[in-house]
Amino acid sequence: MQAINQLKTWLQASLSAVFFGGAGVSTESGIPDFRSEKGIYRTISTYGVSPEVILSHDFLEEKPEIFYDYYRKNLIYPDAEPNKAHLQLAEWERQGHLAAVVTQNIDGLHQKAGSRTVHELHGSVLRNYCLRCGHKFGLEIVTESDGIPRCPECGGFVRPDVVLYGEGLDQDVISDSIRAIYQADLMIVGGTSLNVYPAAGLLQYFRGKHLVLVNLDETPYDSQADLVIHEKIGEVFGQIQLD
Ligand code: NAD
5 MQAINQLKTW LQASLSAVFF GGAGVSTESG IPDFRSEKGI YRTISTYGVS PEVILSHDFL
65 EEKPEIFYDY YRKNLIYPDA EPNKAHLQLA EWERQGHLAA VVTQNIDGLH QKAGSRTVHE
125 LHGSVLRNYC LRCGHKFGLE IVTESDGIPR CPECGGFVRP DVVLYGEGLD QDVISDSIRA
185 IYQADLMIVG GTSLNVYPAA GLLQYFRGKH LVLVNLDETP YDSQADLVIH EKIGEVFGQI
245 QLD
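So that you can map any letter, position 145 of the sequence shown is 149 in this note's numbering, and since no number is skipped, the others follow by simple counting.
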């Protein structure tokens with residue numbers, strides 16, 4: 005409780021906080037993360053290869069049917085709703101305390117909660133595009149088709165605008181994220197194992213006063229933080245009402 009009050013005090017005083025988050029932010033919305041006990045990576049893939057292999061650039065090119073089967077079953081949650089963590093972040097932005105959300109998530113829940121400045125390091129399942137003609141689509145092109153989604157305009161192969169293993173991050177998104185982190189007076193990191201690079205490396209750009217970690221499990225950065233809270237992020241944020 006004392007730790008939550010400390011976070012509240014810092015947030016209340018902040019004019020440019022940044023939130024850096026990962027899959028743990030959406031577990032309270034019913035979307036499993038990758039690496040914790042109930043995470044996607046602990047489930048054995050029915051295809052006999054690891055999720056990292058299936059969710060890679062090469063696998064999408066070589067075995068797109070299997071990729072899409074796995075992707076639809078494990079990464080798409082069209083009915084998920086924002087939880088208290090997403091909603092509070094949007095509220096703190098509206099109140100002028102939070103400047104930006106930098107997320108590794110691909111579920112679009114920050115925007116659904118009302119956040120405006122969201123830097124999506126790994127893209128979004130809500131955006132899809134044709135590899136042949138570039139036509140853009142929403143999520144329906146994936147949910148309302150079977151097998152490999154095809155472009156109704158040209159018949160080309162449609163893929164999600166998400167960063168797969170073996171692919172680089174968008175340079176503009178990285179630059180915007182670094183700027184937000186560099187300019188922040190307070191950085192809150194939550195719901196991320198901080199194991200995925202280069203995303204986790206962005207923490208080194210923080211120059212502000214206080215670094216706060218809110219994560220169920222320990223992370224490699226716990227010793228560098230000014231405050232560490234090992235509790236559910238939605239429950240923690242839900243207790244912080246700012247003026
Ligand atoms: P991760 O699975 O490696 O780690 C998640 C962390 O969140 C764990 O350390 C766990 O202890 C913590 N956690 C889980 N539920 C929590 C809660 N309610 N409150 C606080 N902490 C909680 O996730 P990552 O670090 O984001 O890296 C995995 C990659 O997986 C990312 O690149 C992301 O793109 C992708 N991913 C995204 C989604 C999504 O969009 N919702 C879901 C799964 C994976």
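Yeah, the Cβ is synthetic: ideal placement off N, Cα and C, and Gly gets one too.
Within its own chain, the residues whose Cβ lies closer than 7 angstroms to the Cβ of valine 22, once the five positions on either side in sequence are excluded, are Ala103, Ala104, Val106, Ala184, Ile185, Ala188, Met191, listed in chain order. When secondary structure is reduced to three states using DSSP, asparagine 109 falls in the coil class, being assigned neither helix nor strand. Here DSSP, grouped into helix, strand and coil, assigns tyrosine 51 to coil. Proximity of the beta carbon of threonine 13 to the ligand NAD is not indicated: no heavy atom of the ligand is located closer than 7 angstroms.
In the three-state DSSP reduction, aspartate 83 falls in the coil class, being neither helix nor strand. Within the same chain, Cβ atoms closer than 7 angstroms to the Cβ of glycine 118 are found at Ala94, the five residues on either side in sequence being excluded.
Judged by DSSP in its simplified three-state form, serine 18 adopts coil rather than helix or strand. The ligand NAD has a heavy atom closer than 7 angstroms to the beta-carbon of phenylalanine 38.
In this structure, leucine 246 sits near glutamine 99, with a CB-CB distance shorter than 8 angstroms. Apart from sequence neighbours up to five positions away, the residues of its chain that approach leucine 15 with a beta-carbon distance below 7 angstroms are Ala21, Trp96, His101, Leu190, Ile244, Leu246, ordered along the chain.
Under the rule that a run must span 4 or more residues, the alpha helix (DSSP H) segments found entirely inside the stretch 23–75 read 55–58, 61–66.
Here serine 197 is buried: its Cβ has 16 or more other Cβ atoms, across all protein chains shown, within 10 Å.
Leucine 220 places its beta carbon 8 angstroms or farther from that of glycine 25.
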